[in-house]
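Residue numbers (our numbering): 61 to 166.
Even for Gly, the Cβ is constructed at its ideal location relative to N, Cα and C.
Please read these numbers as outputs of a predicted model, since none were measured by experiment.
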Amino acid sequence: MKEVALLLAVGAVPWLSPPNATPVTTAEEACAAVKAHVVSRNSRAASVIAFCDHIPETESPRGYYVMALHSNRECEGICSTNMGWFAVQKSTGDVLDWDVAEWRPG
61 MKEVALLLAV GAVPWLSPPN ATPVTTAEEA CAAVKAHVVS RNSRAASVIA
111 FCDHIPETES PRGYYVMALH SNRECEGICS TNMGWFAVQK STGDVLDWDV
161 AEWRPG
(Lines of atoms letter the chains of each structure in order from A and count residues from 1; the text may use other names and numbers.)
(Lines give C-alpha, C1' and ligand atoms only; values in the text may rest on other atoms or scores of the structure.)
Protein backbone atom coordinates (compact mmCIF):
# COMPACT_ATOMS: atom_id res chain seq x y z
CA MET A 1 0.00 0.00 0.00
CA LYS A 2 2.88 2.39 0.76
CA GLU A 3 4.27 1.77 -2.72
CA VAL A 4 0.97 2.80 -4.33
CA ALA A 5 0.85 5.99 -2.27
CA LEU A 6 4.43 6.77 -3.22
CA LEU A 7 3.74 6.25 -6.92
CA LEU A 8 0.74 8.56 -6.74
CA ALA A 9 2.67 11.19 -4.79
CA VAL A 10 5.48 11.43 -7.32
CA GLY A 11 3.20 11.32 -10.35
CA ALA A 12 4.53 8.03 -11.64
CA VAL A 13 1.08 7.00 -12.84
CA PRO A 14 0.85 8.75 -16.21
CA TRP A 15 -2.86 8.11 -16.79
CA LEU A 16 -3.68 10.33 -13.79
CA SER A 17 -2.05 13.38 -15.39
CA PRO A 18 -4.33 15.79 -17.24
CA PRO A 19 -4.37 15.01 -20.97
CA ASN A 20 -3.16 18.52 -21.86
CA ALA A 21 -0.43 18.65 -19.18
CA THR A 22 2.77 20.17 -20.48
CA PRO A 23 5.58 20.10 -17.92
CA VAL A 24 7.53 23.32 -17.48
CA THR A 25 11.24 22.94 -16.81
CA THR A 26 12.57 26.51 -16.74
CA ALA A 27 11.54 29.87 -15.31
CA GLU A 28 11.51 31.24 -18.87
CA GLU A 29 8.97 28.60 -19.96
CA ALA A 30 6.90 29.45 -16.89
CA CYS A 31 6.99 33.14 -17.81
CA ALA A 32 5.83 32.34 -21.34
CA ALA A 33 2.95 30.30 -19.90
CA VAL A 34 1.92 33.19 -17.63
CA LYS A 35 2.06 35.68 -20.50
CA ALA A 36 -0.13 33.44 -22.68
CA HIS A 37 -2.54 32.93 -19.78
CA VAL A 38 -2.91 36.67 -19.13
CA VAL A 39 -3.36 37.46 -22.83
CA SER A 40 -6.08 34.82 -23.23
CA ARG A 41 -7.85 35.44 -19.91
CA ASN A 42 -7.81 39.23 -19.91
CA SER A 43 -7.93 39.97 -23.64
CA ARG A 44 -4.73 41.96 -23.25
CA ALA A 45 -2.31 42.50 -26.10
CA ALA A 46 0.95 40.63 -25.64
CA SER A 47 2.75 43.88 -26.47
CA VAL A 48 1.82 45.41 -23.07
CA ILE A 49 3.64 42.66 -21.16
CA ALA A 50 7.28 43.47 -20.49
CA PHE A 51 8.79 40.79 -18.25
CA CYS A 52 8.44 38.36 -15.37
CA ASP A 53 10.14 38.97 -12.04
CA HIS A 54 10.95 35.44 -10.84
CA ILE A 55 11.15 34.40 -7.22
CA PRO A 56 14.23 32.17 -6.74
CA GLU A 57 13.38 28.47 -6.74
CA THR A 58 14.88 28.21 -3.25
CA GLU A 59 12.16 30.58 -2.00
CA SER A 60 9.29 29.16 -4.05
CA PRO A 61 7.12 26.24 -2.96
CA ARG A 62 8.35 22.92 -4.24
CA GLY A 63 6.89 22.13 -7.64
CA TYR A 64 6.11 25.73 -8.63
CA TYR A 65 7.69 28.69 -10.35
CA VAL A 66 6.43 31.90 -8.71
CA MET A 67 6.66 35.28 -10.41
CA ALA A 68 5.27 38.77 -10.75
CA LEU A 69 4.24 39.83 -14.24
CA HIS A 70 5.06 43.39 -15.27
CA SER A 71 3.77 45.65 -18.02
CA ASN A 72 5.82 48.04 -20.12
CA ARG A 73 3.83 50.97 -18.73
CA GLU A 74 5.83 54.15 -18.34
CA CYS A 75 4.91 56.55 -15.60
CA GLU A 76 6.33 59.40 -13.61
CA GLY A 77 6.71 59.36 -9.85
CA ILE A 78 5.64 56.46 -7.73
CA CYS A 79 3.79 53.81 -9.68
CA SER A 80 3.79 50.10 -10.32
CA THR A 81 4.04 48.02 -13.46
CA ASN A 82 2.92 44.88 -11.63
CA MET A 83 0.14 43.07 -13.50
CA GLY A 84 -0.24 40.37 -10.87
CA TRP A 85 1.43 37.45 -9.15
CA PHE A 86 1.31 33.95 -10.59
CA ALA A 87 2.57 30.44 -10.00
CA VAL A 88 3.16 27.79 -12.64
CA GLN A 89 3.00 24.17 -11.59
CA LYS A 90 6.13 22.51 -12.95
CA SER A 91 4.57 19.10 -13.59
CA THR A 92 1.55 20.32 -15.57
CA GLY A 93 2.26 23.87 -16.72
CA ASP A 94 -0.97 25.05 -15.05
CA VAL A 95 -0.99 28.79 -14.33
CA LEU A 96 -2.47 29.85 -10.99
CA ASP A 97 -3.07 33.22 -9.40
CA TRP A 98 -0.66 33.63 -6.47
CA ASP A 99 -1.65 35.07 -3.08
CA VAL A 100 1.48 36.93 -1.96
CA ALA A 101 0.16 37.61 1.55
CA GLU A 102 -0.55 33.92 2.22
CA TRP A 103 2.27 32.68 -0.05
CA ARG A 104 0.03 30.11 -1.69
CA PRO A 105 -2.19 29.72 -4.75
CA GLY A 106 -5.33 31.74 -4.47
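Tell me which residues share the same chain as GLY144 and place their Cβ nearer than 6 Å to its Cβ, disregarding the 5 neighbours each side in the sequence. In the sequence shown, residue 144 corresponds to position 84, counting from 1. Around GLY144: LEU129.
Contacts around TYR124, its chain only, beta-carbon distance under 7 Å, and the 5 residues preceding and following it disregarded: As a position in the sequence shown, residue 124 is number 64, starting the count at 1. Excluding positions up to five away in sequence, the list reads ALA147, VAL148, GLN149, LYS150.
May I ask which residues mark the beginning and end of the beta strand (DSSP E) holding VAL99? Sequence index remark: in the sequence shown, residue 99 carries index 39 (1-based). Where VAL99 is concerned, there is no enclosing beta strand (DSSP E), although the alpha helix (DSSP H) it sits in stretches over 87 to 102.
Assign CYS139 to buried or exposed, taking buried as 16 or more other Cβ atoms, counted over all protein chains shown, within 10 Å of its Cβ. Working through the sequence shown from its first residue, we reach residue 139 at position 79. Classification of CYS139: exposed, given that the 10 Å Cβ count is below 16.
Cα separation between ARG122 and THR86? The residue given as residue 122 occupies position 62 in the sequence shown. The residue given as residue 86 occupies position 26 in the sequence shown. Going by the C-alpha atoms only, they are around 14 Å apart.
Taking only runs of the beta strand (DSSP E) that begin and end inside the stretch 113 to 143, which ones reach a length of at least 3 residues, in chain order? 124 to 131
Are the beta-carbon atoms belonging to MET127 and ALA90 less than 8 Å from one another? The residue labelled residue 127 in the question sits at position 67 within the sequence shown. The residue labelled residue 90 in the question sits at position 30 within the sequence shown. Closer than 8 Å, so yes.
Where the beta strand (DSSP E) containing ASP157 begins and where it ends: Residue mapping note: residue 157 aligns to position 97 of the sequence shown, counting from 1. Residues 155 to 159.
Which listed residue (ASP159, VAL94, ALA106, ALA92) has its alpha carbon closest to that of ASN132: Within the sequence shown, the letter at position 72 stands for residue 132. For the residues ASP159, VAL94, ALA106, ALA92, the minimum Cα distance to ASN132 belongs to ALA106.
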